[in-house]
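Have a look at the structure below, then the notes.
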Amino acid sequence: GVEQEPLHGESLRYTFAQPEAPTVRTVQYFEMNGQRAIWQDGWKAVTHHEPMLSLELMLTGDAGKVTDFEADRWELYHVDEDWNELHDLAEQEPERLAAMVERWWVEAEKYDVLPLGAAIGGMNGPPITGRYGQAPPPEGP
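Using the working numbering, read the sequence shown as starting at 532 and increasing by one per residue.
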């Protein structure tokens, strides 16, 4: 078998008995197919990344258009006051946004999120050290 990684994070069990209890978590990051976000102390920074939809993009060389994660624009919301995320405060709070984006990268490194990928359609390819890495699907019969 493959040795399993321990689960990270805080238990939410306490919220079942005390739904109004304040959170014990101060930071939460998110990443899926290049979409990224981080919540910290009532603020949320988020970036929407255009995912790689097909192997064709990779094979034609157009994948670079959707894998340039540095080109993504980050948005900033004070979700404690704007829980619908209607008011992007990125321009008004550039220092806060920069600190949160930097914290996202710290969390991503800490929890083995890197390198980022933007493929949709699952993790195809041969097992790599007992796990599946992102790779083009194997050729047909």
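Ideal Cβ positions, reconstructed from N, Cα and C, are used throughout, including at glycine.
Between the CA atoms of residue j and residue i - distance to the nearest angstrom
i, j, result
"Tyr642", "Arg567", "14 Å"
"Glu534", "Gln623", "46 Å"
"Trp574", "Gly532", "41 Å"
"Phe600", "Pro550", "37 Å"
"Asn564", "His539", "20 Å"
"Ser542", "Ala576", "23 Å"
"Arg556", "Glu616", "20 Å"
Chain B contact for residue i (CB, 9 Å cutoff)
i, result
"Lys575", "Here there is only one protein chain, and chain B is not present."
Sequence-distant residues of the same chain with beta carbon closer than 7 Å to residue i, five excluded per side
i, result
"Thr546", "Ala552"
"His579", "Gln566"
"Leu645", "Ala639"
Counted within 10 angstroms of its Cβ, other Cβ atoms place residue i as buried (16 or more) or exposed
i, result
"Glu536", "exposed"
"Val610", "exposed"
"Val637", "exposed"
"Trp635", "buried"
Proximal residues to residue i (C-beta, below 6 Å), its chain only, five neighbours per side dropped
i, result
"Gln559", "Trp570"
"Asp619", "Glu606"
Contact set for residue i: own chain, Cβ-Cβ below 8 Å, skip 5 residues either direction
i, result
"Arg662", "Below a pLDDT of 50, predicted positions are generally treated as unreliable, and Arg662, at 48, falls in that range; no measurement from the model is reported."
Near the ligand COA: residue i beta-carbon under 8 Å from a heavy atom
i, result
"Arg556", "Because no ligand of any kind appears in the structure shown, any question about the ligand COA cannot be addressed here."
Are the stretch 604-611 and the stretch 626-637 touching by the rule of at least three beta carbon pairs closer than 8 Å? Taking a contact to require three or more Cβ pairs closer than 8 Å, the stretch 604-611 and the stretch 626-637 qualify as touching.
Can you list, in chain order, the stretches of the beta strand (DSSP E) that have 3 or more residues and sit fully within the stretch 546-576? Complete beta strand (DSSP E) runs here, min 3: 558-563, 566-571.
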